[in-house]
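See structure below.
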Amino acid sequence: MRLSGSSVRAYADESIAAASIACGSRVLSRSLKYHRPRTFFCFEGHCSGCLVRLGGVPNLRACQSPCTPGAEVEGQNAFPSAEIDLLGAVDFLFSRGMDHHTLMTGSSVLNKLANKVVRQLSGLGKLPTHAAAELPEVGRFDVDVCVIGGGPAGLAAASTTARAGRRTVLVDDQLRPGGSMRTDPRVGRALAEHYGAETVRTGVAVLARSTAIGFFPEDDGGVLAVSAPDRLYRIYARHWIWATGGYVVNLPFPDNDRPGVLAARAVGRLLVDHGILAGERVCIVETPAMEQDVTALAQALTGAGADVTRVPLADVVGTRGRGWITAIDTKRGKLDCDLVAVAATPAPASEGARQQGCSVVLDEHAGGFKIVTDDAGRTSTANVWACGDVTGYQGPAAAAADGARVGANVVEAG
Amino acid sequence: MAGKIVLCRCEDVTLSDLEHSVSRGYRDIEEVKRYTGFGTGPCQGKECLAVVALQLARITQQHPSAIPPFTSRPPLAPTPLKLLAKDPGAHRFADETDEGED
Amino acid sequence: MQGANEDEEDESRADVSGEIRLPATLEGRTGNVPEKAEIAIVGGGVIGLSIAYHLARRGLTDVVVLERGYLAEGASGRNGGGVRQQWSTEINIRLMQESVELCRRFAVDLGVNVWFRQGGYLFLARNAKETARLEKNIALQNRCGVHTRMLEPKAALDIVPELDLTGIVAASYNPSDGILFPWPFLWGYARQAAAHGVRIFTQTPVGGLEPQASGGYLVHTPRGAVRARRVINACGAWSPRLAELIGVQVPTWPIRHEICSSEPLKPFLRPMVSELSSGLYCSQSMRGEIVGGVSLPGHGSTYRMGSTLEFLATYARRLVRLMPVLGDIKILRQWAGPYDQSPDGNPILGAAPGHPDFFLACGFVGHGFMMAPIIGKLYAEWLTGGTPHEIFVRSPLARFADGSGAHHEKEDFNIG
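Protein chains in written order, with the working numbering: chain A, 1 to 414; chain B, 1 to 102; chain C, 1 to 416.
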């Protein structure tokens, strides 16, 4: 494939993001307001760090786009390039922040200028170069059980309901199902693949690279719309199981968005799933709640040859680096590094369940807005269930057990 | 880079932007969303909603459980128009049936 | 209308740098409403806040605004921000000419950016009937001094090269129409009104209106009751519910209109584009998003503001047909808001019959936002002793009972 005009060799089926990071390519775009450099953070298709222009279409996620021969990948929103962007000066001009609501309202001449400048600076990515090749027909599933999320909880739940004879469809938004199993050295890629294969073997219809985009109440009983790469699906089900897990999030410290600050789970995913050691001197910034997860990751990174330092969040005072990170500043001094892995409790991905009316509650230990369930896994909405990290962070092993248990309860409920 | 603590990377919303918003009286999660723009970018809050909500609870000295999430709006992920255009639920206007479209 | 010199600063603009905060903070979450006020405005949408701001500017500052939710929660925070002068009735054209002027000055007059951008409005016709409708409107608009013109389809392509002209037979274009960003509009009015002394209470629903022997009402809220000499009903689609509290029937009903926003793109689309046959409209916001909607007939009266797949699919179908290059553009977010639909498409203004202290400011059928700057100004002039503008004379609630509104033309150029 070609990345910003240079040829890059990549494995087929590898994501563009993984291939880019393996070949040392770094900054991909610039942020909207302050033109801060942007690049990979989550490696799971949820943040906006790795948006690139691909084949003439803007704002596609490099981490969820497989490499194809001859693919043209371009950075966005920077002049002359994402690595050296003259508009980066905006960040320093407004180093104490900018209230764009009151910016330059002093006179109409200045205000007209502000309007012109802001419009030119706005937007991320240019219009596509061509019309869409085709408008695909919409597919449809009528099932007993729809499981949303193909991580440990979702795979376990879906194979449980399918094994009991329930027609089951599973929707997963990643390149390959497996979820957090593909990121955790305690579990590993092999188990993810075993679970995935088991799910298919039990007869579950697996929609990979497919995202539940909304639950709409308009049809009788409601319809879940799912977008796959090539078409939209309408899914009708008697039971719904939310097993969407959690989103990796950043932690609050100065210049926490510098390229080279990645989610710890992304660093784990690169190592466990792709066999890529993303840095040689890795600093892990962590909260106490993630202690066990970080210990496992640190061991795995060390085992792969990295030099690993663990730093509590409370000790971090800043980051350094031109472009990519070169050091973090802590209360105990400067630590040189070429990668920072941020380990925060993942935030439950509960927004889809909320569209079905499920109650959620903000809980710091759960990582965010967790779905409220009873002991059986029932949410506050009839026939809607939840299991795994979306009900509060558990980790892959516990999530898999939870998924199997809730799947059995769904079977029992009819 | 200038020492900013970024909470929402899509819209460049910093911790001090959040504090500024609260100081101006925009302190409900929906008001903060509108004033700062957090959660309105390509990730639609996946990375920032929980982070901002927890910081908001701290700044306004409320128990986290008192902070609701902002309204969950479809689509839950950016969805190309071309995938939606042939959905059978689309309304057909008179000018489409006249042309005998599919 | 204020001075034409746009560089002249509005001297009544209060200094709000830093210190003045939104009243929600000033009043505190548990703070009580004042015991009495000259005017209580119910509804903190753009109409209520515009009236409050203009009253305060004219020196009437003993005003409270009671908003049941947060500012921008209702239709004022849910619309597409379109501001146009292409209407079918002379009074709306003339009012909107003044509103456009106020929008142009808003950022400097009120100290808050609303990103008003005059990129024009381009209406597209697909048959002779629609063309005739545009031609009739344009003749009227031109007489009023609005420079709308008919375009051949090919000329529309000069303005929006991304259009697929198949089936388009004519277009109308007025370059001075525009769009703005709705939310800061409310904040601007609220901050300036508050700086002048108006007290604005959010999260404060009105639960009762108790008529007083001496005139006026005791307005009950969870923060206590305020004795107001006059009450203004600016509740938008919820206006009938407030009026019911004193037995007044307001014959408007809520129609849900959906809207959506795309990923932000670098600027390419100058005007608001609208297609008459489907009510499709879209424009590019200051943030670069394509914001737009489409008409969905037949959903009746409802306060339910959920989103539908029907809307998303209909919008996608029509937009990709009109601008095929948008096929790979991604929708980020959809939502809905209520139009306050009136039987004749015109607003309802002035005191309710038999209730001289209960004023209405509702029935704006989806264009209350763009009308608010001028309506608030005229309302405030009237309530502070000025002569009522013609709009108040022709928009009383009584017209529905006595037929007095029948000789006025109906506005039929609503879109979305």
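A virtual CB, placed ideally from N, CA and C, is assigned to each residue, including glycine.
Residue 97 of chain C carries a helical assignment under DSSP once its states are collapsed to helix, strand and coil. Of all C-beta pairs linking the stretch 129-144 of chain A to the stretch 293-312 of chain C, fewer than three are shorter than 8 Å, placing the two stretches out of contact. Taking C-alpha positions only, residue 226 of chain A is separated from residue 17 of chain A by approximately 24 Å. When Cβ-Cβ separations below 8 Å define contact, residue 37 of chain C makes no contact with chain B. When C-beta atoms of the stretch 262-271 of chain C are compared with those of the stretch 159-171 of chain C, three or more pairs fall below 8 Å, so the two segments count as touching. At a Cβ-Cβ threshold of 8 Å, residue 339 of chain A and residue 327 of chain A do not count as neighbours.
By the rule that beta-carbons nearer than 8 Å mark a contact, residue 211 of chain A does not touch chain C. Of the candidates C/405, C/35 and C/282, the residue whose Cα lies closest to the Cα of residue 163 of chain C is C/282. Looking from the CA of residue 197 of chain A, the closest CA among A/116, A/177 and A/400 belongs to A/177. For residue 36 of chain C, the secondary structure class from DSSP, reduced to helix, strand or coil, is strand. Residue 56 of chain C and residue 198 of chain C do touch by the CB rule: their CB atoms are close to 5 Å apart, below 8 Å. The contact set of residue 107 of chain C on chain A, defined by CB atoms closer than 7 Å, consists of 105 and 111 in chain order. Below 8 Å, enough C-beta pairs join the stretch 61-71 of chain C and the stretch 32-41 of chain C to call them touching: three or more.
Comparing alpha-carbon positions, the option among C/83, C/381, C/32 and C/396 lying closest to residue 200 of chain C turns out to be C/32. For residue 47 of chain A, at least one C-beta of chain B is nearer than 8 Å to its own C-beta. Look at residue 65 of chain B: its C-beta is under 8 Å from a C-beta on chain A.
DSSP, read as helix, strand or coil, puts residue 213 of chain A in strand. Classified as buried, residue 330 of chain A has 16 or more neighbouring CB atoms from the shown chains inside 10 Å of its CB. Not a single C-beta of chain B is nearer than 8 Å to the C-beta of residue 40 of chain A. Counting of Cβ neighbours within 10 angstroms places residue 228 of chain C among the buried residues, the total reaching 16 or more. A contact between stretches requires three or more CB pairs, one per stretch, nearer than 8 Å, and the stretch 315-323 of chain A meets this requirement with the stretch 256-264 of chain A. Against chain B, the CB of residue 342 of chain C has no partner CB under 8 Å away; the residue lies outside that interface.
By the criterion of a C-beta distance shorter than 6 Å, residue 327 of chain C is surrounded in its chain by 320, once the five residues flanking it on both sides are discounted. For the options C/313, C/235 and C/337, the alpha carbon positioned closest to that of residue 67 of chain C is the one of C/235. Counting the other Cβ atoms within 10 Å of the Cβ of residue 404 of chain C gives fewer than 16, which makes it exposed.
Here the stretch 209-225 of chain C does not lie against the stretch 138-147 of chain C, with fewer than 3 beta-carbon pairs under 8 Å apart.
With a beta-carbon spacing of about 18 Å, residue 268 of chain A and residue 325 of chain A fall beyond the 8 Å limit used to define contacts.
Counting C-beta atoms within 10 angstroms of its own C-beta, residue 377 of chain C has 16 or more neighbours from the protein chains shown and is therefore classed as buried.
Within the DSSP bridge table, the entry for residue 74 of chain A names A/53 as partners.
At a cut-off of 8 Å between beta-carbon atoms, residue 384 of chain A makes no contact with chain C. Under DSSP, residue 262 of chain C shares a beta bridge with C/331. Residues of chain C with a Cβ closer than 8 Å to the Cβ of residue 53 of chain B do not exist; the shortest Cβ-Cβ separation is about 16 Å. In this structure, residue 231 of chain A sits near residue 83 of chain B, with a CB-CB distance shorter than 8 Å. Of all alpha-carbon atoms in C/314, C/284, C/192 and C/331, the one lying nearest the alpha-carbon of residue 59 of chain C is that of C/192. Residue 30 of chain B is a Cβ neighbour of residue 70 of chain C, given a cutoff of 8 Å.
For residue 233 of chain C, the enclosing beta strand (DSSP E) begins and ends at 224-233.
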